[in-house]
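Below is one structure, written out as structure tokens; comments come after it.
In my numbering, the protein residues as written are 6 to 134.
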């Protein structure tokens, strides 16, 4: 299996850029979703660098399944847990009793999601082999 860690990492950084742009234009639900995607893809880059393949979309699951030597700090685990909450509800109206997803997201949430993604990407970059 070819190592595509840099492809995954470049896409993670691109998704983070999309999250920042969405924040600027007030598309807070998309900023949150893109931040989740950025963190997920950065973790998949890390798995690729280890010669492993990661499946699934849970940032928390990917982080927790890393080999023990990576042992993420509790704050990073909490960031991953929060990002996972943005995977489905940001896009699907049936995630809520009524209303569209964009009506449920705030600038503060988008900023926090981007910050979480930045930390996870940094963690991944620092641990690439």
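Beta carbons: idealized from backbone N, C-alpha and C, even for Gly.
Subject >> Where residue 64 falls, given that 16 or more other Cβ within 10 Å makes a residue buried >> reply: buried
Subject >> Coil, strand or helix - residue 82 by DSSP >> reply: helix
Subject >> Same chain, Cβ closer than 7 Å to residue 75, neighbours up to 5 away in sequence not counted >> reply: 132
Subject >> 7 Å CB neighbourhood of residue 25 in its chain, flanking five on each side removed >> reply: 119
Subject >> Whole-angstrom C-beta distance between residue 96 and residue 38, which should lie under 8 Å >> reply: 6 Å
**OP:** Identify whether residue 46 lies in helix, strand or coil by the three-state DSSP scheme.
**Re:** helix
**OP:** Indicate whether at least one CB of chain D lies closer than 8 Å to the CB of residue 84.
**Re:** Here there is only one protein chain, and chain D is not present.
Original post:
Between the C-alpha atoms of residue 116 and residue 98, what's the straight-line distance to the nearest angstrom?
Top reply: 22 Å
Original post:
If you compare alpha carbons, which of 89, 55 and 73 is closest to residue 122?
Top reply: 89
Subject >> Expected contact under 8 Å - CB spacing of residue 67 and residue 48 to nearest Å >> reply: 4 Å
Original post:
Excluding the five sequence neighbours on either side, which residues of its own chain have a C-beta within less than 7 Å of the C-beta of residue 62, listed in chain order?
Top reply: 45 and 92
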